[in-house]
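Quick notes on the structure that follows.
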């Protein structure tokens, strides 16, 4: 199998604007989820993780200047600003230019600029920007990518699927570098929907906890640059190994009752990577903290015989960031591997699944060489992806 | 009560898009979920919206839904009881 | 490995084609809802969940239904048939409905059965549930029909034995403008097709040909 390296990464969340900054916050056990009362988002109080708008604007103005752009900050939507900031940080030391024919931008998002529907009558932005391809075009044009971006919109597995799709494209030889970016923002659109599903937790979410009451939403971006070229001068490399996608074929919103299908994706991703399940140092699960999702995942991990492997969810740190989650969480996995730390699973007090999974309650210090990332989403989709350090 | 039951049947058919089912097909005492009309978890959430929208009744804990939405009759009884209170 | 399109279906401009046969036609379409319901009735499909779907799912469901039920004799194991679909406007058609339900705070009734469809890949979920498909699946978005991206994605899946066959297509709807085309793609060595159908090579040219009105 042709090697695909993860050569740089970025995370933007309530906890900071860089991957290392976010990792520091995770190590100190900080959470970005707070109780907010913002009428624009909901008439109710919400436990939600929001990016610092002032800091975002300040950084974005700098980026405009650095790139000698003539556009005003007001030309860009909130999500466009976050994506541009995230990509910009991840590609700053890239050995090739975005306009190289062998470089592709892969974008993962569930709802894109959906907030433009809320004020579509103000005509502040061209209504076309609500299309995901128009959002991708803004990012593409900003950096001058030569190729048309690949856009993945596959519910909550979008981010992991984007990494899988990008690594497959690189292995096929069509491209040498893929800039994989994912983003979604907090909107009334999404919040009201999850409220109608009675899926939101009144307090910060508690993945895999016995008393979990639902999910917390969040917003953010993540970018990971993949390349077939490991770069010079590094002594260790993070490889993106095999990945697999499956479907429950059971219900469009309720997860599988058995976890068999996620387990199938896990087993295939390990097989695809040529790795035994016993080699996995930790699993970063989806872990939304809804009663049924977490139960399904516990069953799947246990079916794949990884009941003793340390497992965490990052949703307790920055909430469920939808199309961004797979990229932010994978970037945090990469940080984990670089630091040789398995971050604790925020929000855990008492495991809801003793004997089925081994949820990490305190940060573990140990060599971290092989990690498994999983995600599951509406539409019954599941994805699994393996990372390895050499 | 019978009037409310008939009204509810119509509302449930519309709200849940039960296109090929007529009011006569619904026995007010038959279970709505499982065997009965084959409703699922999204339908249960949709019935919560129906009670709020059409009757101004809010169900805070979705777990209560199981009893309330057992059948058309239990729904009607719940509505009668809670509208009196208001 | 050579790959073939062993069946395809097309829905658009009031016409429905299964392989090359015109099987349904409405000269004047009042609404998409009426059109697709008439097609569902004509095909005598008994699947009450159909009525609960949003427009994108109804369109994709019918296209896949015709493809798998009538146009190909292949019997696929649950994990061996992949689904890769794409469109331009994602779930915007249903997004607008959900947005409407939250426009007014004094009549604020977001509906869970609408919200769940505000994700483009739910149509894949519906097809997977109907046909018991548990394998690889993906929903891609591009401004226009992009045969090159679809071909790359699907070829990689088949070349690496992630599936034996793949439903590959375009499912686009916004209001009463709609078009769907789905092709069944198989490796040549194991491909099957119905009598009278001439399989096409799985190329960008073939994909460009089948998305045009037949």
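Chains as they are written, first to last, in our numbering: chain R, 26 to 415; chain B, 36 to 121; chain V, 36 to 249. For glycine and all other residues, C-beta sits at the position ideal for the given N, C-alpha and C.
For chain B, check one thing: does any of its Cβ atoms lie closer than 8 Å to the Cβ of residue i?
i	result
residue 222 of chain R	yes
residue 148 of chain V	yes
residue 151 of chain V	yes
residue 70 of chain V	no
residue 182 of chain V	no
Suppose the cutoff is 8 Å on Cβ atoms and the five residues either side in sequence are ignored; what does the same chain contact list for residue i look like?
i	result
residue 405 of chain R	272, 273, 274, 275, 276, 277, 280, 281 and 286
residue 157 of chain R	132, 134, 137, 176 and 178
residue 49 of chain V	60, 61, 62, 63, 64 and 70
For the candidate residues the options, whose alpha-carbon lies nearest to that of residue i?
i	options	result
residue 258 of chain R	R/177, R/379, R/32 and R/398	R/32
residue 147 of chain V	R/213, R/236, R/293 and R/219	R/219
residue 383 of chain R	R/394, R/125, R/193 and R/367	R/367
residue 67 of chain R	V/140, V/228 and V/193	V/140
residue 328 of chain R	R/335, R/300, R/310 and R/284	R/284
residue 310 of chain R	R/196, R/62, R/161 and R/408	R/408
residue 171 of chain R	R/291, R/267 and R/203	R/203
residue 185 of chain R	R/106, R/364, R/160 and R/294	R/294
residue 206 of chain V	V/151, V/194 and V/128	V/128
residue 81 of chain B	B/69, B/97 and B/113	B/97
residue 54 of chain B	V/186, V/57, V/86 and V/78	V/86
residue 188 of chain R	R/140, R/363 and R/251	R/251
residue 261 of chain R	R/362, R/267, R/235 and R/120	R/362
residue 394 of chain R	R/234, R/301 and R/235	R/301
residue 171 of chain V	R/269, R/319, R/379 and R/72	R/269
residue 39 of chain R	R/115, R/242 and R/415	R/242
residue 103 of chain R	R/76, R/94, R/112 and R/238	R/76
residue 88 of chain R	R/44, R/183 and R/109	R/109
residue 183 of chain R	R/413, R/399, R/411 and R/412	R/399
residue 235 of chain R	R/256, R/391 and R/319	R/319
Within the 8 Å Cβ cut-off, does residue i reach chain V?
i	result
residue 95 of chain B	no
residue 88 of chain B	yes
residue 93 of chain R	no
residue 55 of chain B	yes
residue 213 of chain R	yes
residue 67 of chain B	no
With burial defined as no fewer than 16 other Cβ atoms inside 10 Å of the residue's Cβ, what is the status of residue i: buried or exposed?
i	result
residue 118 of chain R	exposed
residue 133 of chain V	buried
residue 99 of chain R	exposed
residue 82 of chain V	exposed
residue 62 of chain R	exposed
residue 161 of chain V	buried
residue 64 of chain B	exposed
residue 36 of chain V	exposed
residue 196 of chain V	exposed
Does any CB atom of chain R fall closer than 8 Å to the CB of residue i?
i	result
residue 196 of chain V	no
residue 43 of chain B	no
residue 187 of chain V	yes
residue 77 of chain B	yes
residue 247 of chain V	no
residue 84 of chain B	yes
residue 77 of chain V	no
residue 72 of chain B	no
In three-state DSSP terms, what is residue i?
i	result
residue 228 of chain V	coil
residue 56 of chain V	strand
residue 401 of chain R	strand
residue 366 of chain R	strand
residue 54 of chain B	coil
residue 106 of chain B	coil
residue 409 of chain R	strand
residue 205 of chain R	strand
residue 116 of chain B	helix
residue 133 of chain V	helix
residue 268 of chain R	strand
residue 423 of chain R	Outside the shown range of chain R (26 to 415) lies residue 423 of chain R, about which nothing can therefore be said.
residue 206 of chain V	strand
residue 39 of chain B	helix
Please go through the same chain and pick out, in chain order, the residues whose beta-carbon is closer than 6 Å to the beta-carbon of residue i, but skip the five residues on each side of it.
i	result
residue 189 of chain V	119, 201, 203 and 220
residue 48 of chain R	360
residue 101 of chain B	none
residue 71 of chain R	61
residue 74 of chain R	39, 57, 58, 243, 343 and 344
If I measure Cβ to Cβ from residue i and keep anything under 7 Å in the same chain, skipping five residues before and after, which residues do I get?
i	result
residue 56 of chain R	229, 341, 342 and 371
residue 335 of chain R	307, 367, 383, 385 and 389
residue 292 of chain R	329
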